[in-house]
Each structure stands twice: as C-alpha cells, then as structure tokens.
C-alpha cells in the first residue's frame, strides 16, 4: 500500500478548500440570479430557461471534458476554469451594476458558465483518487461532502444577506472572488502529473475522441452497479432542479416571504445533509451499499409527498430537513463506488460521460418546474415531483442483484 506524506496531505487539503470556496461562491451567485430573475420578470418560465441555459452545456461537453482531462494537465485545467469563471461572474456584476444586463444577455452568460463549470466539477473527482489510497476514498469523499454542505449552509444565508443589504451585484462579485481564491489554492497544491501523449493532428484527435467516447459508453454500461447508481443520481438531480425553481415560488408567492427566508430553507436542507454525509464514510465500508442508496432515493421523494395536503409553512423546514438527512450520503457513496470500480486510465472519460448524463437532470428539472407552474401550485408541484422520485426509486430497487455492491 502506498504511503502519503505531508506534501500529499497538504495538497489534498488545498484542493478540498478550493472546492469548498468555489461551491460557496456558486451558491451565493446562483441564488441571487434566480431571485433577481423572479423579482424582475415575475416569470417561472424564464427561471426555468435560465436553469436550462446553465445546465445543457454540461450535458453536451461531458465527454469532451473527460477527454481533455485524460490528455491535459489536471492542475492547468482546474486553474484555467476557475479563473475564467471568476472573470465571467465579475462581468455580470459590473453589467448589472450599470443596469445594462437584459434577460437575453443573462442567458448567454449562463451558457458560458455552463461550458466552464464541468472542467472543475469533473476535475475534482478525477484528481482526488490520484492523491489518496483506495481505502481512504470513502472517508475523504464523505469529508468533501460535509465541506460542500457546509459551504451550502453559508451560501444561501450570505446570498440573502447580500441581496437585502448591499444589492445583487455585490453577491455576484463575491462569487467571482471565490473562484479566483479557488484557483489560487489549486496553484499552491501539488497535483500528480499524468502521462502525456505525443502530439497528433486534428483529424487523428477527432477520431481518438470518438473512439474513446464509445469505449467509455461500453465500459459504463458494463459496470452495472455504476450504471444504476448513475441513473439514481440523474433522478435525484432532475428532482432537485425542479425544487430549485419551485421553492422560491413557494416562499415568495404561496407564503409571501422574502429572500432571507428562502436562504434559511436551503440552509436547513444543507445542515441536515451534513448529518447524512457524515455517515457515508461508515456506510462505504459495509455491504449492500446499493440497497442503502436506493432507500435514500425513495426517502428523499417521500419527504415531500405530504405537501399535497399539508401547507403549513413551518412544516416546510421539517420536510427539507428529512430530505437532506436521507439524501446526504448518496453523492459521496456514488463517487466512492465509481472511483473504486473504474480503471484510472479511463477515469476522466467515464467521469465526463457520467457527468453529462447526470447534468441533464437539473436543467431538465428546472424546465419541468417552470412548466408545472402553469397548472399546479408550488406545494403541489413539489409533492408531485417527490412521488415520482419514490416510484423511480422503487423501480431501481427492483434491479436486485445488480445493485448489491460489496
């Protein structure tokens, strides 16, 4: 077994801090964009299109990002993506401050951010297995999930405070600073260099990309536990995308509350998710992980079903807390299973392809949330999405032996 010294631990800590800072800024910026769009346009459909504009590039570029990560310095990719994201959000802040940011321009910025984000989100998952030993993956992924949820706790609260006190442009500029700080932390870390291939022509590069993508598809489908875990993650992300649209509507339209209350609702979800994530490191060392993960999916959906007949505002906190607690361990468990099951030489391609499939969930869910607003109240729409997740989770549980991950 490999041993890891001080420099490896320091690099791991810097990468985790960088990721946490980036998530914090992203939470602040995304909440502010959604809230501003809702208050300015009064249109759930435009909010849905905004989520779609941000998420669809991730769906299209996943295999490309994986190919780049397998053939380019991981450190260079992470730094470049963070610096460019910072510049992008700083530009949005300046234009909004000048009152020169129409809706169509905001959609274009969302598309650009969606093109850059996969290089960092997929990059973190590819880099971490190169720094730590396999038997530490479960614990490290659990710790990273706790760190992300901690950033999610602060993010909505800071976003609501910034909107109320200093305006939305300040929240966007804070988002830009967070990406630049993340780039600085990555630059200070020591990331192992992967083997580089000899330069090739453009036609050869295109042919290699197609070949690698097809092989990644076959490998992903052949690894049945990884395949079904990916389907489960897609279901949860789709439902979360719908919740991202409906929860602000529930807060503002149905309960008549402000941005600070919306931030407190998301904070409640994040706090309870930390408890779920804390158990994932212990669960990853036990048997029948797939069965436990299926129960997490079913439980997440069931937590929102009571909104069909219960409309008490205080109970919304309870429902979000239950959902966060039940789901909190799913992402780190999924990453651990994938990182243990996928060969390192194709990790980037598999992560990129898997990222594309999962990334289709949030924008599609955002669009679904906007469409449901035409016929249902926000509470009924959230409950309907939750019951659909329960049904799909039960179907995944019926796969039986294919989900018995040892």
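In this note's numbering, the protein residues as written are 27 to 432. Note that the Cβ used here is the ideal one computed from N, Cα and C, for glycine as well.
Inter-residue Cα distance where the pair is residue 328 and residue 352: 10 angstroms
Tell me whether the beta-carbon of residue 41 lies closer than 9 angstroms to the beta-carbon of residue 154. Yes, they are a contact pair.
Going by the beta-carbon positions, is the gap between residue 281 and residue 408 smaller than 9 angstroms? Not closer than 9 angstroms, so no.
Classify residue 141: buried if its beta carbon has 16 or more other beta carbons within 10 angstroms, exposed otherwise. When all chains shown are included, residue 141 counts as buried.
Quick check: the Cα distance between residue 215 and residue 411, rounded to an integer number of angstroms? 42 angstroms
Looking at residue 167: is its Cβ nearer than 9 angstroms to the Cβ of residue 358? yes
Inter-residue Cα distance where the pair is residue 172 and residue 368: 24 angstroms
DSSP state of residue 96 mapped onto helix, strand, coil: Residue 96 carries a helical assignment under DSSP once its states are collapsed to helix, strand and coil.
When 262, 152, 400 are compared against residue 99, the one with the closest alpha-carbon: 152
With contact counted as at least three CB pairs below 8 angstroms, one residue from each stretch, are the region 388 to 399 and the region 267 to 285 in contact? yes
Distance check for residue 135 and residue 259, CA to CA, integer angstroms please. 26 angstroms
Please classify residue 102 as buried or exposed, where buried requires at least 16 neighbouring CB atoms within 10 angstroms. exposed
Pull up the distance between the alpha-carbon of residue 322 and that of residue 356, whole angstroms please. 7 angstroms
Is it true that the region 373 to 380 meets the region 272 to 291, where meeting means three or more beta-carbon pairs spaced less than 8 angstroms apart? no
Own chain partners of residue 113 with C-beta closer than 8 angstroms, once the 5 adjacent residues on each side are dropped: 202
Less than 8 angstroms between the CB atoms is what I'm expecting for residue 363 and residue 255, so what's the real figure, rounded? 6 angstroms
For residue 393, the first and last residue of its enclosing alpha helix (DSSP H): 387 to 398
Rounded to whole angstroms, what's the CA-CA distance from residue 81 to residue 143? Just pull it up for me. 9 angstroms
Would a C-beta distance cut-off of 9 angstroms place residue 212 and residue 338 closer than the cut-off? no
Residue 195 beta carbon less than 9 angstroms from that of residue 119: yes
Under a Cβ-count criterion, where at least 16 other Cβ atoms within 10 Å of its own Cβ denotes burial, should residue 124 be classed as buried or exposed? exposed
For residue 305, I'd like the list of residues in its chain whose CB is within less than 6 angstroms of its CB, leaving aside the five on either flank, ordered along the chain. 355
Between residue 6 and residue 75, what straight-line distance do the alpha-carbon atoms span, to the nearest angstrom? With the chain represented from 27 up to 432, any question about residue 6 goes unanswered, as that position is not in the structure.
For residue 245, the three-state DSSP class (helix, strand or coil): In the structure shown, residue 245 sits in a helix (DSSP, three-state: H, G or I).
Excluding five sequence neighbours on each side, which residues of the same chain lie with their C-beta closer than 7 angstroms to the C-beta of residue 405? 276, 280, 333, 337
How far does the alpha helix (DSSP H) with residue 326 in it extend, from its first residue to its last? 315 to 330
May I ask whether a heavy atom of the ligand MG can be found less than 8 angstroms away from the beta carbon of residue 103? Absent from the structure shown: the ligand MG. Ligands present: none.
Hey, quick one: how far does the alpha helix (DSSP H) through residue 408 stretch, first residue to last? From DSSP, the alpha helix (DSSP H) with residue 408 extends over 404 to 423.
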